[in-house]
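What follows is one structure encoded as structure tokens, with my remarks underneath.
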């Protein structure tokens, strides 16, 4: 009977040692989250060793992005004065190094025209923007050409030129942070800000 008892004891000890070894293994490292407001592939990540616990604030609203600018352009909240109605103007997107309004973007410009025609008491500012490639001077000039292109289109359709102002931000105000085409395509745009006359 003795060999049976020794075997049973060794088996029990082996199970206990194995259980303790499994319980003593370190947990998987916590995955750190990007800082609030960080967008795109260039967003800085916190080190995995920090004990950052994500918290959700009730005031935060998740940001979603459509598949491509041609399908459904993103329109950030416009700067509207209290006297102005809410704007339904949509951004116009451009190809790289180009200020020509694309065929699919002319449909968006036509919708913008219809909205402006329906709201004759409002003025609009068109701000032209570029992606991060190119010099500051070149992108400022390209942003101005983009804004002027959309202004000229709207004026040709019948919107009074004195209702439209333009400005270029070049590459200084990116809409999406990142250093690849997934970010750049959103930054090559004209954006509308509405104000009362």
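Residue numbers (this note's numbering): 10 to 206.
For each residue, glycine too, the CB sits at the ideal point set by N, CA and C.
What does DSSP give as the partner residues of residue 174 in its beta bridges?
-> Per DSSP, 134.
Hey, how far is the Cα of residue 54 from the Cα of residue 186?
-> Low local confidence applies: a pLDDT of 39 at residue 54 is under 50, so the model's placement there is unreliable, with the coordinate-based value given in what follows. Going from the Cα of residue 54 to the Cα of residue 186 covers about 14 Å.
Can you pull the DSSP bridge partners for residue 169?
-> Paired residue(s): none; residue 169 is not in a bridge.
Mind reading off the beta-carbon distance from residue 135 to residue 118? Whole number of angstroms is fine, and I expect it under 8 Å.
-> With a Cβ gap of about 11 Å, residue 135 and residue 118 do not count as contacting.
Look at the Cβ atom of residue 199, then the Cβ atom of residue 159, and state whether they are nearer than 8 Å.
-> Yes. Within cutoff.
Taking 8 Å as the cut-off, decide whether the C-beta atoms of residue 168 and residue 99 are in contact.
-> In this structure, residue 99 does not lie closer than 8 Å to residue 168 by Cβ.
In chain order, what residues of the same chain lie with their CB nearer than 6 Å to the CB of residue 195, ignoring the 5 residues before and after it?
-> Answer for residue 195: 184 and 185, listed in chain order.
State the CB to CB distance for the pair residue 175 and residue 143, rounded to an integer number of angstroms; the pair is presumed to be in contact (CB under 8 Å).
-> Contact between residue 175 and residue 143 is absent: CB atoms are separated by about 19 Å, not below the 8 Å threshold.
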